[in-house]
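Start counting at 1 in the sequence shown, then tack on 71, and there's your number in our numbering. Even for Gly, the Cβ is constructed at its ideal location relative to N, Cα and C. Right, one structure below, let's go through it.
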Amino acid sequence: MSEECIENAERITVETDLIAGNLNKVNLLNDILKPRKEQNSVFLILNQKIKLSKRLFELIWDRFQIKICADAGANRLYHYLKSEDDRARYVPNYIIGDFDSIDEAVKDFYLKHGCVAIKQTTQYSTDFSKSINLMSLHFNSRKFHAMLNKKLENFGIPLESGIHELYDAIPVEEKSSINVLAIGAIGGRFDQTIHSISQLYTLKHSDPYFNLYYLTENDIIVLLLGGANVIEYDMGFRNECVGNCGILPIGEPTTIIESHGLKWDVKNWDTSISTGKVSSSNRFVGIDRCYVNVKDDMIMNIEVDLIKLQKYIE
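The structure is reproduced here in structure tokens:
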């Protein structure tokens with residue numbers, strides 16, 4: 072089958088109801104940035120400078136059920152907030168890591184204000200991975216919550232890798248869906264950025280009940296699953312906040328089988344990093360959605376104006 076590339080008008084209708092088969096759907100607002108109250112949701116802060124406006128940070132914080140700082144992510148949160156009142160108001164539910172980089176004064180402050188700090192010393196998993204297992208325990212393990220009520224060192228959780236052991240003991244059928252928005256995952260050291268990207272791939276297959284998304288100062292980053300994907304958005308949000316997008320074959324060379332709703336739609340389009348044949352600087356022209364069918368998992372980044380975004384989360 073020959074490759075095709077079609078340049079579309081600036082606004083077109085995408086009829087996904089006519090597309091056969093299962094669709095992997097994600098709504099840029101309701102699934103990623105303002106999850107519904109009944110959804111299990113986590114705001115994860117990693118160890119990079121927080122680059123959100125204060126108002127956007129507050130809006131996102133209030134939208135998510137629990138907040139977790141991965142080790143020195145707690146330092147970033149503490150120093151991002153400039154007043155003691157704000158620091159006392161925006162207290163994470165958990166801090167987890169080997170505590171090799173968190174400031175003791177910061178940890179003590181959050182402990183004083185009701186945060187749960189769990190030390191895990193294993194060097195065979197990252198603070199990111201420890202945070203992911205902690206999220207599942209919070210929503211899915213009664214045993215874990217019972218341990219938190221015990222006045223024991225580290226709540227009786229083994230220091231080396233107790234979180235992973237507790238996580239492994241959760242029956243698969245008891246693991247419920249969790250939406251995660253992480254900041255600080257992209258940027259800084261390149262190896263850590265690549266690790267963050269790898270987590271999008273590995274987590275969706277090892278723990279498919281997690282829906283993991285990244286927010287940077289420039290864009291939202293999501294995983295498109297192999298198969299048919301629909302990205303939905305409010306028309307006003309798209310017109311005012313969304314810029315360019317890319318569909319990136321970071322995992323392996325693959326094929327975009329078909330797309331509808333991009334400025335440059337493609338069909339049977341082979342793509343790989345090594346050849347330099349990558350759909351970058353594309354953009355949404357579908358009025359309220361975009362359809363992308365891919366042979367294998369791929370990364371999509373979506374440029375977002377964070378200042379204009381604020382009113383759509385309020």
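Secondary structure remark: continuous alpha helix (DSSP H) runs of at least 4 residues inside the segment 197-265, in chain order: 198-211, 213-219, 233-239. Burial is judged here by how many other beta carbons sit within 10 angstroms of a residue's own beta carbon; His331 has at least 16 and is buried. Under the Cβ criterion (8 Å, minimum of three pairs), the segment 351-367 counts as touching the segment 312-326. For the 7 Å CB-CB criterion, Cys186 and Val162 form a contact. Counting along the chain, the unbroken alpha helix (DSSP H) around Leu182 starts and ends at 175-183.
Asn95 sits close to Leu296, with the two beta carbons spaced by under 7 Å. Counting along the chain, Tyr285 sits inside the beta strand (DSSP E) bounded by residues 281-286.
Here Cys76 is exposed, its C-beta having fewer than 16 other C-beta atoms within 10 Å.
Judged by DSSP in its simplified three-state form, Ser345 adopts coil rather than helix or strand.
Your pair Leu117 and Ala253 checks out as a contact, with CB atoms roughly 6 Å apart and the cut at 8 Å. Check the Cα spacing between Tyr280 and each of Ser248, Glu303, Gly255: the tightest is with Ser248. Counting every other CB atom within 10 Å of its CB across the protein chains shown gives Leu230 a total below 16, marking it as exposed. As DSSP reads the structure, His331 sits in a beta bridge with Tyr362.
Where Met371 is concerned, the enclosing beta strand (DSSP E) starts and stops at 369-375. Looking at the DSSP output, Ile189 sits in a beta bridge with Ile167.
In the DSSP annotation of this structure, the continuous segment of the beta strand (DSSP E) that includes Asp290 starts and ends at 290-295. Annotated three-state conformation of Lys275 is helix, per DSSP. Lys183 is the residue among Cys361, Lys183, Val375 whose C-alpha sits nearest the C-alpha of Glu155.
With contacts defined as CB atoms closer than 7 Å, Tyr151 and Ile121 qualify as a contacting pair. With respect to the C-alpha of Asp142, the residue from Ser124, Asn101, Ile167, Thr326 having the closest C-alpha is Ile167. With 16 or more other CB atoms across the displayed protein chains lying within 10 angstroms of its CB, Val113 is buried.
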